[in-house]
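S.K.: Protein chains in written order, with my numbering: chain A, 90 to 323; chain B, 62 to 224; chain C, 286 to 807; chain D, 268 to 414. Heads up, the beta-carbon is just placed ideally off N, CA and C, and yes, glycines get one too.
1) Just the chain D side, please: which residues come within less than 7 Å of residue 182 of chain B by C-beta, in chain order?
2) Going by DSSP, name the residue or residues bridged to residue 467 of chain C.
3) Taking 8 Å as the CB-CB limit, is residue 401 of chain D close to chain B?
4) Could you check where the beta strand (DSSP E) with residue 359 of chain C kicks off and where it finishes?
5) Using 8 Å as the cut-off, can you tell me whether the segment 192 to 200 of chain A makes contact with the segment 212 to 231 of chain A, which would need three or more C-beta pairs spanning the two stretches below that distance?
6) In terms of DSSP beta bridges, what is residue 233 of chain A paired with?
7) Quick one: Cα of residue 439 of chain C to Cα of residue 273 of chain D, how far?
8) Residues of chain C with CB under 8 Å from residue 359 of chain D, in chain order?
9) Closer than 7 Å between beta carbons: that is the criterion. Which residues of the segment 323 to 344 of chain D meet it against chain C?
10) For residue 84 of chain B, which residues of its own chain have a beta-carbon under 6 Å away from its beta-carbon, when the five flanking residues on both sides are left out?
11) Could you please give the first and the last residue of the uninterrupted alpha helix (DSSP H) stretch that includes residue 499 of chain C?
12) Use the C-beta contact count for residue 156 of chain B: other C-beta atoms within 10 angstroms, 16 or more gives buried, fewer gives exposed.
13) For residue 273 of chain D, decide whether its Cβ has a neighbour in chain A, counting only Cβ atoms nearer than 8 Å.
14) Should residue 529 of chain C be counted as a contact of the ligand MN given a C-beta to heavy atom distance under 7 Å?
15) Take residue 175 of chain A as the anchor and find which of B:87, B:105, B:197 has the nearest alpha-carbon.
16) For the segment 651 to 683 of chain C, enumerate the residues whose C-beta is nearer than 8 Å to any C-beta of chain A, in chain order.
17) Are any of the Cβ atoms in chain A nearer than 8 Å to that of residue 299 of chain D?
18) Say whether chain D places a C-beta atom closer than 8 Å to the C-beta of residue 735 of chain C.
19) The segment 348 to 372 of chain D: which residues have C-beta closer than 9 Å to a C-beta of chain C, in chain order?
20) Residues of chain D with a CB under 8 Å from the CB of residue 172 of chain B: which are they?
21) Name the chain D residues whose beta carbon is nearer than 9 Å to that of residue 306 of chain C?
22) Mapping DSSP to helix, strand and coil, what is residue 226 of chain C?
23) Verify the CB distance criterion: does residue 245 of chain A have a CB-CB separation below 8 Å to chain C?
24) Are residue 337 of chain C and residue 420 of chain C touching if we call contact CB-CB under 8 Å?
25) Taking any Cβ of chain F, which residues in the segment 309 to 321 of chain C have a Cβ under 7 Å from it, in chain order?
26) Residue range of the beta strand (DSSP E) that residue 373 of chain C falls in?
27) So, are the CB atoms of residue 520 of chain C and residue 417 of chain C less than 8 Å apart?
28) So which residues of chain D does residue 178 of chain B contact, with C-beta pairs closer than 8 Å?
29) Are the C-beta of residue 126 of chain B and some C-beta of chain D separated by less than 8 Å?
30) Could you say which of C:630, C:660, C:692, C:683 lies nearest to residue 784 of chain C if we only look at CA atoms?
31) Mapping DSSP to helix, strand and coil, what is residue 120 of chain A?
32) Straight-line CA distance for residue 278 of chain A to residue 279 of chain D?
33) DSSP state of residue 293 of chain D, grouped into three classes?
34) Specify whether the segment 461 to 468 of chain C and the segment 182 to 194 of chain A touch according to this definition: at least 3 beta carbon pairs, one from each stretch, less than 8 Å apart.
35) Looking at C-alpha atoms only, which residue of C:678, C:444, C:294, C:544 is the closest neighbour of residue 346 of chain C?
36) To be precise: take each residue of the segment 197 to 212 of chain A, compare its Cβ to all Cβ atoms of chain B, and keep it if any distance is under 7 Å. Which residues remain?
Here's what the structure looks like:
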């Protein structure tokens, strides 16, 4: 019972392999610039696989929002902070590894009961989803069923989600300020303060470490790589 | 073995989720944590979309001809050969009455697509706020490594108490 | 219930949607207000007060209608439930809606002086807008009957909460890192919740909670996907309500957020997540099924027990006032989980009752803690010396609420702890009674320590002259004393709150099969 | 010599096309893949490209921050306003059939969906711009080679 014709199946297996490789690369790497770029690659591969899974709207959004905007934001943030991630000692990683493996085992345990890939008679594909196609054809007279469901049948979800986007914009304006000058104001009690200052004065901390540029921090990489460093003078 | 072959997509999704979650837990750098979080969320989107795929199905975009004939005069459907080169065996090529036409065209399930459109944008909104926090933390603490920040906080507590 | 006759008919038909849409639209309007002029902040405050007042009125009228005529249904967008998104107000979520709105009104009263001292003048209008979004998100989360809509409004309230907690950085820089930790753990919790809903959808094919319950009832009971869905939803919501091993984000978020928002968050955020756990584990799934019953019984009750012990122990050794209250919040949430873990009608009503009572206690305590910082910049417990003399009224309110936190007879804390003990006794869980008594003794220690500092030590000296009396402003004392008085009133005459809890517990123990199938009538 | 001359010339031609494609995606959303979110991001990316090539100050002159703040709220107001309009006309929240009750071709739904998608376009465009402005205008003074 082949889900796709052979060429598409090979393409999908290619997508999956690349996704795994990219995810593992992000896990192993320390240079933040590479990690951010790989995250963009990961989103784009997902968008490609979405297209072959007939989710064209989602592929469009994942490519535009997931690969495009996230990468721009992460580069912007990375530019303002550090270029490298310090590794954690391995003994501190065993706990998380154990938790993650437990989660994986739980999901593989239930793999048997999941509907087969592409099964037209599974509860998902005979449930409300399939009836949307029918009702859009008879009631809505709109070609793109996803837009009809997104804006009308489940329009309230999209309203909540527009509020989430508005809140993200407002939140970043609150935290960083549109002209980049938020965060300088200090709260003072409206009366005599009896408490000792609870943390070291802010200025001292900020001046403690200048922005760690790539060149200054780069430890000699084990293998002599000739490729130009990310922006740093090698 | 058959079950694994029928569920290979879920197996991939589960492994990607495990990797994404492990990146979040095992990295001290705040930006790498956010990257791990977005990998974890993107693999959840894959879980939803692979659920909705139907064998030999098409993207859930109806052909306007299908419902035109309901409303307007019953002219024969135009010889609209399918533009998309989707050579699924069942797709009809020649001019077919719309009633027969709708019966055999299979569409994938649109509902997971709608849910994931929402989830993608929620993921990016959380990412934007997280990055704003990272920038502000870098200014206040001078570093974005969680273990260094804990040391600074621990020192801060002691000084505060001693003062 | 003659009060019901006053509410216009329009409320009963469009009440549920109005309750969530009004704060969202007001939030957007507040965000546009001119942030430069001083009036911008005051205007925003007035808008928030008016909105939460109207929401309280709508919530109370809906509660009265639910108690009189049964559940209110509302089909969003005019589409019948399995197609569109449905709202359902029944005996389980009506009291929570009233609780959230009431706490919002009281905290908004408290906000006028508190936000002026803690938030940049330019940012106050946007700050109030973010609060309204968080308030609407909580209401939307509690009122909806569509599984995915719960996730959307969970994110609406969470994302505004991350921003508001980080706004506390003007007072203490640790607000940023605790907000980041809360963001990472909150997003993981929300994503686990989405995975759980995905598996539920995979099993049932629909997203409406009532339909899901019906389809699961017919054939989905023993499928592994249902068990996996329940596990993910339990862990996702456990992260959101700070269940014992998943609580590490809470102390930082509560102690470094702006005091106005800590008071609101402490009284409502964990309650909404706890309500969701009740809704999913008793109305969508059913504890009579073997796996779900064992999981609820063993996991939730055991973690509740562990949480009580560990959190109370840690609360005793904290030197930051708000971290003491935050750890005590984790302990109190564990009490509720213990009540729910029993899965008996009495246990559920005791847990539900403790949810209502704890909101009153913790809201007031954090308002008092904010007032201490407002006047004297006090955050450490050692700085609380002599507060009984320098801020008598605020300290008196703090003491009344502290005592009801311990559960002294005659206060609201005693009522729910007594109900929990009775439920545990009938259920035969003697070790649970031992745990409740032990943690109450620990509560005596960590609350007593604060009261002892305030009353039995003389005020600190500022350069050889003792600090003079400087009472908190009236706008802070009014909500504090409303909380304190209601902690006493509902302690003595607990008939109303117990009847609400009993109605909710009876609906829950009825389980999914008692849901009258409805197709969008309202 | 301005190192970005080549970039500036090319992007001057590209930016209007990107914005146009964004609006195409928005209004083509009913017939093919597309809709408010993708369109909003594409229109925002055209302004971001302008900011990257011509500098953040030029972009702030082109799309001033006060617009961005108003635009964010305008989108949600349009969306919520459509819902409130359906209320006032008697239907449930976001029930678009009340816009044109007698139509056989669900014209009310089409109007509702169109106005809602415009609301989403507005919010997403200006929210993404607000986020980009916040990050870009917080730039520490990094020398060119240190990029």
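M.R.: Let me lay it out:
1) Residue numbering aside, residue 182 of chain B sits at position 121 when the second chain is read from its first letter. Chain D residues near residue 182 of chain B: 304.
2) Residue mapping note: residue 467 of chain C aligns to position 182 of the third chain, counting from 1. Answer is none; residue 467 of chain C lacks a bridge partner.
3) Locating residue 401 of chain D in the fourth chain gives position 134, where the first residue counts as 1. For residue 401 of chain D, the answer is yes, since a Cβ of chain B falls inside 8 Å of its Cβ.
4) One-based indexing of the third chain puts residue 359 of chain C at position 74. Here the beta strand (DSSP E) through residue 359 of chain C covers 357 to 360.
5) no
6) Counting from one through the first chain, the residue named residue 233 of chain A turns up at place 144. BP columns for residue 233 of chain A point to B:122.
7) Taking the third chain and counting its residues from 1, the one referred to as residue 439 of chain C is at position 154. Taking the fourth chain and counting its residues from 1, the one referred to as residue 273 of chain D is at position 6. Whole-angstrom Cα-Cα distance: 47 Å.
8) Start at 1 with the first residue of the fourth chain, and residue 359 of chain D comes out as number 92. Contact annotation for residue 359 of chain D against chain C: 299, 302, 359, 360, 361, 362, 363 [CB-CB distance below 8 Å, chain order].
9) 337, 340, 343, 344
10) As a first step, residue 84 of chain B is located in the second chain; it is residue number 23 there, counting from the start. 97, listed in sequence order.
11) Translated into the one-based positions of the third chain, residue 499 of chain C becomes position 214. Per DSSP, residue 499 of chain C belongs to the alpha helix (DSSP H) from 494 to 500.
12) Numbered from 1 along the second chain, position 95 holds the residue referred to as residue 156 of chain B. Any reading at residue 156 of chain B must be qualified, since the residue scores a pLDDT of 36, below 50, and its modelled position is unreliable; the value itself is stated next. The residue is exposed, with fewer than 16 neighbouring Cβ atoms inside 10 Å.
13) In the fourth chain, the residue the question calls residue 273 of chain D occupies position 6. Closer than 8 Å: no.
14) Among the components modelled here there is no ligand, and therefore nothing to report on the ligand MN.
15) Along the first chain, one-based indexing puts residue 175 of chain A at 86. The candidate whose alpha carbon is nearest that of residue 175 of chain A is B:87.
16) 658, 659, 660, 661, 662, 663, 664, 665, 668
17) One-based indexing of the fourth chain puts residue 299 of chain D at position 32. It does; some Cβ of chain A falls within 8 Å.
18) The residue given as residue 735 of chain C occupies position 450 in the third chain. For residue 735 of chain C, the answer is no, since every Cβ of chain D falls outside 8 Å of its Cβ.
19) Under the 9 Å Cβ criterion, the segment 348 to 372 of chain D contributes 348, 350, 351, 353, 354, 358, 359, 360, 361, 362, 363, 364, 365.
20) Here residue 172 of chain B refers to the residue found at position 111 of the second chain. None at all; the shortest Cβ gap to chain D is about 16 Å.
21) Residue 306 of chain C sits at position 21 when you count from the first residue of the third chain. Under the 9 Å cutoff, chain D gives 347, 350, 351, 354, 360.
22) Any question about residue 226 of chain C goes unanswered here, given that chain C covers just 286 to 807.
23) In the first chain, counting from the first residue as 1, residue 245 of chain A sits at position 156. Residue 245 of chain A counts as touching chain C.
24) Within the third chain, the letter at position 52 stands for residue 337 of chain C. Within the third chain, the letter at position 135 stands for residue 420 of chain C. Yes, these two residues count as a Cβ contact at 8 Å.
25) Considering every chain present, this structure includes no chain F. Its protein chains are A, B, C and D.
26) On the third chain, position 88 is the one that residue 373 of chain C refers to. Element bounds for residue 373 of chain C: 371 to 374.
27) Position 235 of the third chain, counted from the start, is the residue given in the question as residue 520 of chain C. Position 132 of the third chain, counted from the start, is the residue given in the question as residue 417 of chain C. No, they are not a contact pair.
28) Walking along the second chain from the start, residue 178 of chain B turns up at place 117. Going along chain D in sequence order, the residues near residue 178 of chain B (Cβ under 8 Å) are 302, 304.
29) Numbered from its first residue, the second chain carries residue 126 of chain B at position 65. Chain D contact via Cβ: absent.
30) Here the question's residue 784 of chain C lines up with position 499 in the third chain. Among C:630, C:660, C:692, C:683, the Cα nearest to that of residue 784 of chain C belongs to C:630.
31) The count along the first chain starts at 1 and reaches residue 120 of chain A at position 31. DSSP places residue 120 of chain A in strand when its eight states are reduced to three.
32) Numbered from 1 along the first chain, position 189 holds the residue referred to as residue 278 of chain A. Numbered from 1 along the fourth chain, position 12 holds the residue referred to as residue 279 of chain D. Rounded to the nearest angstrom, the two C-alpha atoms are 52 Å apart.
33) Stepping through the fourth chain from its first residue, residue 293 of chain D is reached at position 26. DSSP places residue 293 of chain D in helix when its eight states are reduced to three.
34) no
35) To locate residue 346 of chain C, count along the third chain from 1; it is residue 61. The shortest C-alpha separation from residue 346 of chain C is found at C:294.
36) 197, 200, 201, 203, 205, 206, 207, 209
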